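J.:
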Amino acid sequence: MNFSRVNKLITQANINNCSGFMLKDRNNIRYFSGYTGEGAAILSENGCAIITDSRYTEQAQKQAEGFEIITFESGKYLDTVKLTCDKLNIDAMCYEADVITCDEFNTLKAGLGAIGLVPTKAVGISIRKIKDASEIKIMKKAARVTDELLEMAYLLSKPGVSELDLVAELSYLTLKKYKAESAFDTIVASGDNGSMPHALPSERVFKSGDMVTLDFGAALEGYKSDMTRTFAIGEPSNKMKEIYQIVYDAQKAAQDALKPGAACKDIDAIARNYITEKGYGEYFGHGLGHGVGLDIHELPRLAPTSTEILQENMVVTVEPGIYIPGVGGVRIENTCVITKDGGKALFGASTDMVKL
Ligand code: ZN
Ligand code: ZN
């Protein structure tokens, strides 16, 4: 059991006047217990348990070291949760109000009788903001895989290849060559499709002169990497080259400003103000970046409304973009770890414009 992680969660339960914490979010369960299957985790000073069904019993026993694995029989889930709380002397427990459904909450409340339920928001993911050495190590490894996949994407991208072809090839290589997972659904947006930041890959084929936005990443042991490169097939238009240079400069300036103690909204402003000064502010609608870890979107957010301060060992993306309907778009994204000496991109891949 990772006591340091578990104790942080129990402390949060105590702050909320609870003696236990119930987790349903799978990545929270994974982070605090090691178990990657379905079910619930209940953590308390008096012990920790995973409640699951027979499909996962053996897996949970192997993964959740130090946790009691309790298998519920069909129709007995609530009874099992209640019995577990009684056994662990839990009179009130925190639950993830931002994870469970209203229906699940109503069922729990009705089934747990006198056991109190206290809503919490983003507790697990807040604890997960600061990565430990083992997490950073695996994220660096996932980033190296992503770097290599980018090289392959460059080799594969030619006139006549479709967006979906590239998605399929990368997906296959990720699994076959690197035994990794795709961190999220790969975005490939070519030509005018590039104006949609999260375009769905289509059968559109690459043409000479296109710019192609590729937003993808590999995941290892659940830890994700998140990279975007926008590259050219042949010679792009002057307009696209101009946009590229602006996004490149904005990304670099914001990434160079990452450091412990910097306000996330100020980092966002560096890129946003620069893009605005160049006359393209209205074409950069999304936040500058986000935390990454077991989830692809974690805390902190780098956005104008963020109130968070960067701390050492946070891992965040820096991904400005300019998207012009009817013309195309450019986004450049690095995943960076915050060190005492500033932000360091986990990727080796350059952000210079690549022309294939
Ligand atoms: Zn991305
Ligand atoms: Zn991202």
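Each residue of the sequence shown is one higher than the last, beginning at 1010 in our numbering.
Just so you know, even glycine gets a beta-carbon here, dropped at the ideal spot from N, CA and C.
If you're wondering where the values come from, they're calculated on a predicted model, not measured in any experiment.
Kindly identify the DSSP beta-bridge partner or partners of Phe1293.
T.: For Phe1293, which the question treats as bridged, DSSP gives no partner whatsoever.
J.: Could you compute how far the alpha carbon of Gly1298 sits from the alpha carbon of Leu1355?
T.: 15 angstroms
J.: Residues in its own chain within less than 8 angstroms of Ala1228 by CB, not counting five upstream and five downstream?
T.: Ala1151, Ala1189, Glu1190, Ser1191, Ala1192, Ser1234
J.: Using a Cβ-Cβ cut-off of 6 angstroms (strictly less than) and excluding sequence neighbours within five positions of Asp1277, which residues of its own chain qualify?
T.: Leu1297, Leu1311, Ala1312, Pro1313
J.: What's the C-alpha gap between Thr1045 and Val1176?
T.: Rounded to the nearest angstrom, the gap between the Cα atoms of Thr1045 and Val1176 is 26 angstroms.
J.: If we count the other Cβ atoms within 10 Å of its Cβ and call it buried at 16 or more, is Ala1142 buried or exposed?
T.: Around the C-beta of Ala1142, fewer than 16 other C-beta atoms lie within 10 Å, and the residue is accordingly described as exposed.
J.: Bridge partners for Val1346 per DSSP, in chain order?
T.: Val1324, Lys1353
J.: In chain order, what are the residues with a CB under 6 angstroms from some non-hydrogen atom of ligand 2?
T.: Chain-ordered, the residues whose CB falls short of 6 angstroms from any heavy atom of ligand 2 come out as Asp1235, His1299, Thr1326, Glu1328, Glu1342.
J.: Quick one: what's Pro1269 bridged to in DSSP?
T.: DSSP lists no partner for Pro1269.
J.: Below 8 angstroms on the Cβ atoms is my contact criterion, and I expect Leu1179 with Phe1225 to pass it. Report the Cβ-Cβ distance as a whole number of Å.
T.: 6 angstroms
J.: Which residue or residues does DSSP assign as beta-bridge partners of Ser1143?
T.: DSSP, once it has assigned bridges, lists no residue as partnering Ser1143.
J.: For the alpha helix (DSSP H) containing Leu1173, list its first residue and its last residue.
T.: Start and end: 1172 to 1187.
J.: Are at least three pairs of beta-carbons, each pair with one atom in the stretch 1126 to 1136 and one in the stretch 1277 to 1290, less than 8 angstroms apart?
T.: The stretch 1126 to 1136 vs the stretch 1277 to 1290: no contact.
J.: Okay, do the stretch 1167 to 1175 and the stretch 1202 to 1215 touch, 3+ Cβ pairs below 8 angstroms being the bar?
T.: yes
J.: If you reduce the DSSP assignment to three classes, tell me which class Val1154 lands in.
T.: helix
J.: Can you give the Cα-Cα distance for Ser1211 and Asp1201, rounded to whole angstroms?
T.: 12 angstroms
J.: May I ask you to check if the CB of Thr1129 is nearer than 7 angstroms to at least one heavy atom of ligand 1?
T.: No, Cβ of Thr1129 sits at least 7 angstroms from all heavy atoms of ligand 1.
J.: Run through DSSP, which three-state label would Glu1077 get?
T.: strand
J.: Select from Gly1048, Tyr1181, Leu1052 the residue whose C-alpha is nearest the C-alpha of Ala1069.
T.: When each option's Cα is compared against that of Ala1069, the closest is Gly1048.
J.: What are the boundary residues of the alpha helix (DSSP H) that Val1214 is part of?
T.: Careful: Val1214 lies outside any alpha helix (DSSP H) and carries neither H nor E.
J.: Using beta-carbon positions only, say whether Asp1174 and Ser1199 come within less than 8 angstroms of one another.
T.: Not in contact: Asp1174 and Ser1199 (Cβ atoms no closer than 8 angstroms).
J.: Please classify Glu1244 as buried or exposed, where buried requires at least 16 other C-beta atoms within 10 Å of its C-beta.
T.: Around the beta carbon of Glu1244, fewer than 16 other beta carbons sit within 10 angstroms, so the residue counts as exposed.
J.: How should Glu1160 be labelled, buried or exposed, when 16 other C-beta atoms within 10 angstroms of its C-beta is the threshold for buried?
T.: It counts as exposed.
J.: Whole angstroms are fine: how far does the CA of Gly1351 sit from the CA of Ile1331?
T.: 26 angstroms
J.: Between Leu1097 and Asn1055, how many whole angstroms is the CB-CB distance? I'm expecting something under 8 angstroms.
T.: 5 angstroms
J.: Return helix, strand or coil for Lys1274, following the three-state DSSP convention.
T.: helix
J.: Mark Ala1119 as exposed unless 16 or more other C-beta atoms lie within 10 angstroms of its C-beta, in which case mark it buried.
T.: exposed
J.: Is it buried or exposed for Thr1093, if we count other Cβ within 10 angstroms and need 16 for buried?
T.: By the Cβ neighbour-count rule, Thr1093 is buried, with 16 or more other Cβ atoms within 10 Å of its own.
J.: What are the residues that DSSP puts in a beta bridge with Tyr1232?
T.: Leu1229
J.: Starting from Thr1129, trace the beta strand (DSSP E) both ways and give me its first and last residue.
T.: 1125 to 1129
J.: Count the CB pairs spanning the stretch 1299 to 1307 and the stretch 1025 to 1045 that are closer than 8 angstroms, and state whether there are at least three.
T.: yes
J.: Buried or exposed: which applies to Thr1326, given that a residue is buried once 16 or more other Cβ atoms fall within 10 Å of its Cβ?
T.: With 16 or more Cβ atoms within 10 Å of its Cβ, Thr1326 is classed as buried.
J.: Start and end of the alpha helix (DSSP H) containing Ile1136?
T.: 1132 to 1136
J.: Do Asp1277 and ligand 1 come close, with the Cβ less than 7 angstroms from some heavy atom?
T.: Not so, every heavy atom of ligand 1 lies at least 7 angstroms from the Cβ.
J.: Counting beta carbon pairs with one atom in the stretch 1011 to 1029 and one in the stretch 1078 to 1090, are three or more of them shorter than 8 angstroms?
T.: no
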